[in-house]
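Number of protein chains: 2
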Amino acid sequence: MAQTIQEPSARLSPSTEDYLKAIYKLEEGDPVPTKALAGELEIAAASVTGMTKRLAERGLIEREPYKGATLTDAGTKVALEVIRHHRLLELYLKEEIGHSWEELHEEAERLEHHISEAFEDRLDELLDHPTRDPHGHPIPTRSGEVEETATQRLADLEDGDRAVVGHLSDKNPALLEHLEECGLMPGASLEVTEAQEVTEAQEVAEAQAFEEPIAVRVEGGEPQLVGRVVARSVFVFLAAS
Amino acid sequence: MAQTIQEPSARLSPSTEDYLKAIYKLEEGDPVPTKALAGELEIAAASVTGMTKRLAERGLIEREPYKGATLTDAGTKVALEVIRHHRLLELYLKEEIGHSWEELHEEAERLEHHISEAFEDRLDELLDHPTRDPHGHPIPTRSGEVEETATQRLADLEDGDRAVVGHLSDKNPALLEHLEECGLMPGASLEVTEAQEVTEAQEVAEAQAFEEPIAVRVEGGEPQLVGRVVARSVFVFLAAS
DNA sequence: TCCCTATTTTAGGCAAGACTAATTTGTTTC
DNA sequence: GAAACAAATTAGTCTTGCCTAAAATAGGGA
Chain A
1 MAQTIQEPSA RLSPSTEDYL KAIYKLEEGD PVPTKALAGE LEIAAASVTG
51 MTKRLAERGL IEREPYKGAT LTDAGTKVAL EVIRHHRLLE LYLKEEIGHS
101 WEELHEEAER LEHHISEAFE DRLDELLDHP TRDPHGHPIP TRSGEVEETA
151 TQRLADLEDG DRAVVGHLSD KNPALLEHLE ECGLMPGASL EVTEAQEVTE
201 AQEVAEAQAF EEPIAVRVEG GEPQLVGRVV ARSVFVFLAA S
Chain B
1 MAQTIQEPSA RLSPSTEDYL KAIYKLEEGD PVPTKALAGE LEIAAASVTG
51 MTKRLAERGL IEREPYKGAT LTDAGTKVAL EVIRHHRLLE LYLKEEIGHS
101 WEELHEEAER LEHHISEAFE DRLDELLDHP TRDPHGHPIP TRSGEVEETA
151 TQRLADLEDG DRAVVGHLSD KNPALLEHLE ECGLMPGASL EVTEAQEVTE
201 AQEVAEAQAF EEPIAVRVEG GEPQLVGRVV ARSVFVFLAA S
């Protein structure tokens, strides 16, 4: 239980921060198994065993052999700081620098490990203390509080349901491009309508691209068809009806 | 002469980039000796020997044992790209983010290794294709051209000389703070005046801080005394008289 | 020319982080 | 309860970049 205490000023390696971020993402109460972590980080399981041992020694995670890893308070703090950096950067790069969806993630993924606290604070100010990144993910506060996240998928709504877009899956940049054109951005109000209201031409076009579409009217716009695949990457807050 | 050719897309390590930058800075025609490089990078000479061997194998430098290292064309290209990143970032952090002189260098030193070409291009655009960083150092173009740099020090001027500030030594943030207050920023026109024109009170104050002051009038301002130490960190273009 | 000294290189080590291959453990199933 | 299988760990390697201590070398001065 060496639990080496180190300089508080010491910068953690990008790799270390990536592990903590990944554990934060994957843990939902239970410890994160080695294989899951290896999958998320796209490295070999044996490498994860080695690294998690070191992280445990440093007091950033707790490790139960053959079970998995859990963040300690110190580890959670680091993970949230990195996520805060990432999301502030994404918003900034989108709003101020004009990066595409494609470039956003990659750039933020690198820079999140290297900006100073002063830079973080200035971004926060410049962006007027935002609470969500461009995908709608909550930006943790400096003190580590995180807003609630939508869990319902647009694909699972029923005719007549009203909802507000919460966040979007950030896996696929092309899909985000498409969602932006559809107006399905975080904060947008929408209503699921009857399929009949949509013109046939649109239906054919959409159906070719993404099977089994759902008909949606975004506030202030015309009804449109949205493919199931697409609708599954849109997470919404269902309005009380 | 293995000269391993690698993926053109492969990102070089921060350490590699720092070596190339340091060699670029220190080489003036002749090869850079191991000890000089070790001093610049603040590491042991033996470490430099090891690393320069690897850089030579990769075709980024040429190495003559017991003589020193010289950049190849490929190495020069990398060095200039990194310097371009650094200087664009410094200007950006100063102008848009509002970093202090103190924070500037450190932040740019880290980020220069991690921004994308797209980011670099956007900074260049946002800043309206600048040619100088906040210290007055020339920003290399994408294609690797570098503007001329002033070589004359303010401290070495004579009474009556007129000059334009070229660049400032970036070693000491506090000094830069002071220079900014004096109006001695890159681009400023100035004239070296007689010492008598300066009030006695000012003289005493300045003399205590920095010995053997020089009297300077910055265009549009009053004559003031500038310590020799300070004046030695100001590089100027002497106006033809 | 020979020696002295500063510089450089070699030798040997260490930590981080990755890998593959081989082994161990836990779990499930018959 | 034993066999089978998946997951995890161990063992052993590799590269990068740094270190110290010891040996080699180059170049100037007597």
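Taken in sequence, the protein lines are chains A and B.
Just so you know, our numbering puts the end of the first sequence at 241, numbered straight through with nothing missing.
Just so you know, our numbering puts the end of the second sequence at 241, numbered straight through with nothing missing.
For every residue, glycine included, the Cβ atom is placed at its ideal position computed from N, Cα and C.
Please tell me whether A/Ala56 and A/Pro31 are closer than 8 Å, where the distance is taken between their beta carbons. no
List the residues of chain B that A/Gly98 touches, going by C-beta distances under 8 Å, in chain order. Arg122
Would you say B/Ser169 touches the ligand MN, meaning its beta carbon is less than 7 Å from a heavy atom? By its list of ligands, the structure shown contains no ligand whatsoever, and the ligand MN lies outside what it can speak to.
Leaving out five residues before and five after A/Ala155 in sequence, what residues of the same chain have Cβ atoms less than 7 Å from its Cβ? Ile214, Arg228, Ala231, Arg232
Is there a Cβ from chain B that is less than 8 Å from the Cβ of A/Ser116? yes
By a C-beta neighbour count over all protein chains shown, 10 Å radius and 16 as the cutoff for buried, is A/Lys21 buried or exposed? buried
Shorter than 8 Å from the beta carbon of B/Phe119 to some beta carbon of chain A? yes
Apart from the five residues just before and just after A/Leu111, which ones in its own chain have a Cβ nearer than 8 Å to its Cβ? His85, Leu89
Does chain A have any CB closer than 8 Å to the CB of B/Glu103? yes
DSSP-derived helix/strand/coil call for A/Glu62: strand
Note the first and the last residue of the continuous beta strand (DSSP E) segment covering B/Thr70. 68-71
Do we get a CB-CB distance below 8 Å when we pair B/Arg84 with the residues of chain A? no
Thinking just about the alpha-carbon of each residue, which of A/Glu106, A/Leu168, A/Val78, A/Glu158 is nearest to the one in A/Leu93? A/Glu106
If we ignore side chains and look at the alpha-carbon of each, how far apart do A/Val216 and A/Cys182 end up? 10 Å
Nearest chain A C-beta to B/Leu190 closer than 8 Å, yes or no? no
Cβ atoms of A/Val165 and A/Pro134: under 8 Å apart, would you say? no
Closer than 6 Å by C-beta to A/Val218: which residues in its own chain qualify, once you throw out the five before and the five after it? Chain order, please. Gly183, Ala188, Leu190
Identify the contact partners of B/Arg110 in chain A, using a Cβ-Cβ distance below 7 Å as the criterion. His114
Supposed close pair B/Leu60, B/Val78 - CB separation, criterion 8 Å: 7 Å
Hey, out of A/Tyr19, A/Ile139, A/Gly29, A/Thr193, whose CA is closest to A/Ala38's CA? A/Tyr19
Are B/His178 and B/Phe235 close, meaning C-beta to C-beta below 8 Å? no
Close Cβ partners of A/Leu80 (< 8 Å) along its chain, the five nearest in sequence each way excluded: Tyr24, Pro140, Gly144, Val146
Check whether B/Val192 and B/Glu148 have beta carbons under 8 Å apart: no
Is it the case that the Cβ atoms of B/Leu118 and A/His99 are separated by a distance below 8 Å? The sequence shown places Ala at residue 118 of chain B, rather than the Leu named in the question. Contact: yes.
Paired residues, beta bridge with A/Ala10 - DSSP: Per DSSP, none; premise fails for A/Ala10.
Complete alpha helix (DSSP H) runs within the stretch 109-189 of chain A (minimum length 4 residues, chain order): 117-126, 173-182
Where does B/Glu90 sit, in a helix, a strand or coil, going by DSSP? helix
Along chain A, in chain order, which residues have C-beta atoms closer than 8 Å to that of B/Glu107? Ile115, Ser116, Ala118, Phe119
I believe B/Ala291 touches B/Thr52 by the beta-carbon criterion, under 8 Å. Please report the beta-carbon distance rounded to the nearest angstrom. Residue 291 of chain B is absent from the model: chain B starts at 1 and stops at 241.
Going by alpha carbons, who is nearest to A/Leu126 out of A/Glu102, A/Glu103, A/His137, A/Ile97? A/Ile97
State buried or exposed for B/Pro65, treating a residue as buried only when at least 16 other CB atoms are found within 10 Å of its CB. exposed
Any C-beta of chain A under 8 Å from that of B/Phe210: Because the pLDDT of B/Phe210 is 46, which lies under 50, any placement of that residue in the model is unreliable, and the question is left without a value.
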